[in-house]
Amino acid sequence: MSKHLNCVRGKRFIQASLSNDFRDTTAGLTALSKCLLIALLTCLASLSGIFAGVTGGFISLYAVFPRAIEQRLIFLWVALIIATCIFQTLRRSFLQALQVAALVSVVALPISAVILGKLEAAFAVAILFFSSLLCSTAFLSLLTGSLFLSLVSTLLDKPQKTARIYIVLITVITAIFSYLLTGSLQSQASVPNQASLAVLAIMTGLVFGGGAVAVSLYVTGSQQFESLRMWALSIGCWRGTSFHNLDLSRINFRNANLANTDLRAQKLYRTCFQDVNGLNRAKVDNRYLDLGEPKVQQLLTRGCSSVLDFCRSNLQGAYLQRADMRGFDLTDANLTGADLKGADLRDSILIRTQLADADFQGVDLRKNILIDANLTGADLQGADLRGSILVRAQVARADFTGADLTGVCIEDWSVSSKTRFTDVRCDYVYRKYQDGQPSDRYPVDRNFEAGEFAFLFSEPEDVIELIFKGDFNYSALSLAIYKLQTEAPDLNLQLKGIEQRETLWVVKIKSSSGAINERLIEERLNSVYQMPNESNVGTVIKDSVYQNYQTVVSRLEASEQLVMHLAGVNKDQAEALKELSRKPFGNNFSISGSNIKNIAGSGQIDYHEAADQVRSLVTNSADPGQVIPILQSLFMQLSQQKVATTTGTQLEFIQQLIVAEAEKDQAFKHFLIQHQAQIMSAMPSDAIADAIQSAIQTVNSKLS
């Protein structure tokens, strides 16, 4: 049982001493450390005022009451250079400000020569000296003041009150120091009317003090000076609680105070930060997830965010139970392994989002756009996905048990034998996505019966889908399968089909070994593509098909000899292997990729589209009124697409599809055998019944 801690101020944890329960814990600085840092704050505030006072004192003394026009001109130029330097620092960067200040200094010399009628070396040196001196003091005032304010916001719970005190302190110190400096220099300057000079010095000090405050406040809130905040956080966490470089996975920090804590952890997998105070004042990094982003901190601690744009954000392993994420744009974001139980993601955009192994139990995902999303291994038990767009989504090994999938668009989604559809609720689906809208409702004029969706869309247990990205090369894949079959005959692998889904290629592989292991086959294929070899073979195969197949493709296509060398086969064998992806399908058809083509090559049809119609024809045999419309629609499509234009070829097409579907789906096979008589009686003609009868007999003899 974990030990609950109430106060861990100043403690440096090691992995062995970690508890998994830090609820209501107070972390951060000890009282002594805080007192020392407050003393540092006072010093910084005083230094800022002193530096501003030096600048104000010199300007007030020499710019207004000079003994000669040269002095007045010097300090007018100096004032302009300082203003330019500060303006460029705020607008651009300090380095660019120095460049502009140097340019103004150079321009000042010829203009001054025209005004004075001459240009002495002492005058040029004075401009450069005083501009450098006063620019330095002005910048130091800006730096110390900004660091002070950053530390205030890091150390104190109510920084606004302290900031007001700081404004008064800086302004007063600047005025006093400006007055004292002017008084110490006025005897050397022989300035008349000392009372006026004193008033001017004080006024100049107040102006410079207020200016220093205003500029420091701006700098503190500017993204250009984020490094100042990092310095402040580092100083503020000095001798504070430290979890540096530890694995904080699954630790509960709920309602803890983590201000002035070092949270640069090695891992934060499902670490709970809900209702945490002071996370914005802790020292964090983005090593594991984007914990340094204010919007991410707000989402993790409050369960919501005022910012909805999380494109490309890294939220891997984030603990987001019951979070309100309605309308979030999570395009290209990484939520791998995130805990989203009970979260509300209605109307969110999850295009190309990484959601592998994420926990979506009971999540509201209605009307989500999940195009190209990776949901491999995700837990979607009881999730509400009504109306979501799952086009080209990868749902291999995903668990949809008890989920509601009514109205989802599943065009080219990738399921596997490990995808679970137990007790799924689904009235209908859409099979196409066109012009930003789902289309091709299925079933067309009815709803799915109980269990029908799972029956139609579950993959057989002995078939897996492997995803290939980029361009595709049939030869290279065939050779890899050949090598794997040769080196691992225990897997009994067979290439069952290849289909293209936009930029993805899906390869279906069957294993009759009894206990197919998808991860094992992936690893074996990786090892095949990474074999050491002569000359450029190592370069060709350095990237596996699961990472960047395009490199492999371009190299292998360039040299047929290299392909044969990689496979260790002769030319005739290589040519034969190329034909693995194109197989005969009866007497009049062949399968190439995901398409069924007639041998004449004049037409083709998508295998899955045709298979859905034929299966619907068979499974609806209980309702003869449904059979004739399905047959008419199928025959018309086969004729229009020039796949099968005669009655004989159409019947052969149906027969071959029934056999193929029964071969890969045991449940469908048993349905055919058990309901044979009912199916025959529902057919409108003897010819069709004979074709289906022949298919069932083939199933019995070939697959039983």
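Number 810 in the working numbering belongs to position 139 of the sequence shown; there are no gaps in the numbering. No residue lacks a Cβ here, since even glycine has one placed at the ideal position from N, Cα and C.
Residue i - containing beta strand (DSSP E), residue span
i	result
SER824	Run containing SER824: none in the beta strand (DSSP E); it sits in the alpha helix (DSSP H), 792-826.
ASP1050	Counting along the chain, ASP1050 falls outside any beta strand (DSSP E), and DSSP gives it neither H nor E.
LYS1268	1266-1269
GLN1275	1275-1277
GLY1103	As written in the sequence, residue 1103 is Lys, which differs from the Gly given in the question. Segment 1100-1105, the beta strand (DSSP E) holding LYS1103.
SER1085	Here SER1085 belongs to no beta strand (DSSP E), and DSSP marks it neither H nor E.
SER1110	1108-1113
Assigned exposure category for residue i - 16 Cβ within 10 Å defines buried
i	result
ILE1367	buried
GLU1323	buried
ARG952	buried
SER776	buried
ARG1117	exposed
PHE800	exposed
ARG983	exposed
ASN1258	exposed
MET1307	exposed
VAL967	buried
GLY1107	exposed
PHE1119	buried
ALA1362	buried
ASP1035	buried
ASP1243	The pLDDT assigned to ASP1243 is 47, lower than 50, so where the model puts this residue is not dependable, and the model offers no usable value.
ASP1336	buried
ILE1180	buried
CYS975	exposed
ASP1083	buried
Beta carbon of residue i nearer than 8 Å to that of residue j
i	j	result
ARG1068	THR1047	yes
SER914	THR942	At residue 914 the sequence reads Phe, which differs from the Ser that was named. No, the pair does not count as a contact, with Cβ atoms beyond the cut-off.
ASP1055	ASP1070	no
TRP748	ILE798	yes
VAL1330	THR1369	yes
LEU826	ASN948	no
ILE753	CYS806	yes
MET1354	VAL1285	no
VAL613	ILE1081	Since the first residue of the chain shown is 672 and the last is 1375, residue 613 is not available in this structure.
TYR1278	ILE1262	yes
ALA1027	THR1002	no
MET1351	ALA1360	yes
ILE721	ILE844	yes
ILE1022	ASP1050	no
LEU1343	ALA1281	no
GLN1326	SER1365	yes
Residue i versus residue j - alpha carbon distance
i	j	result
ALA768	ILE745	20 Å
SER803	ALA779	14 Å
VAL1234	VAL1178	Confidence at VAL1234 is low in this model, with a pLDDT of 35, below 50, so its placement is unreliable and the value that follows should be read with caution. Looking at the two C-alpha atoms, the distance is approximately 20 Å.
THR726	THR842	13 Å
ALA1315	ALA1004	46 Å
THR755	LEU700	41 Å
THR1077	SER1292	24 Å
ILE1270	GLN1311	16 Å
VAL1079	LEU962	34 Å
LEU1309	MET996	46 Å
ASN1241	SER1059	Below a pLDDT of 50, predicted positions are generally treated as unreliable, and ASN1241, at 45, falls in that range; no measurement from the model is reported.
ALA1348	ALA1125	24 Å
ARG1091	LYS682	47 Å
ASN1219	LEU822	Residue confidence for ASN1219 is low, a pLDDT of 42 falling below 50, so the modelled location carries little weight; the figure read from the coordinates is stated next. Roughly 47 Å between the two C-alpha positions.
GLU1123	GLN945	41 Å
GLN992	ALA1338	38 Å
SER1287	ARG1037	28 Å
Bounding residues of the alpha helix (DSSP H) (the contiguous stretch that carries residue i)
i	result
PRO965	965-973
LYS1340	1337-1345
LYS1029	Per the sequence presented here, residue 1029 reads as Ala, with Lys not at that position. Counting along the chain, ALA1029 falls outside any alpha helix (DSSP H), and DSSP gives it neither H nor E.
PHE1126	1123-1128
CB-CB length for residue i against residue j, believed under 8 Å
i	j	result
GLY1013	GLY1033	5 Å
LEU919	LEU939	5 Å
SER719	THR815	4 Å
ASP1030	ASP1010	5 Å
LEU986	LEU960	6 Å
VAL679	ALA698	5 Å
ASP1098	ALA927	Not quite, the Cβ-Cβ distance comes to about 46 Å (not below 8 Å), so this is no contact.
TRP909	SER704	7 Å
Near the ligand HEM: residue i beta-carbon under 7 Å from a heavy atom
i	result
ASN1259	Ligands displayed in this structure: none; no statement on the ligand HEM is therefore possible.
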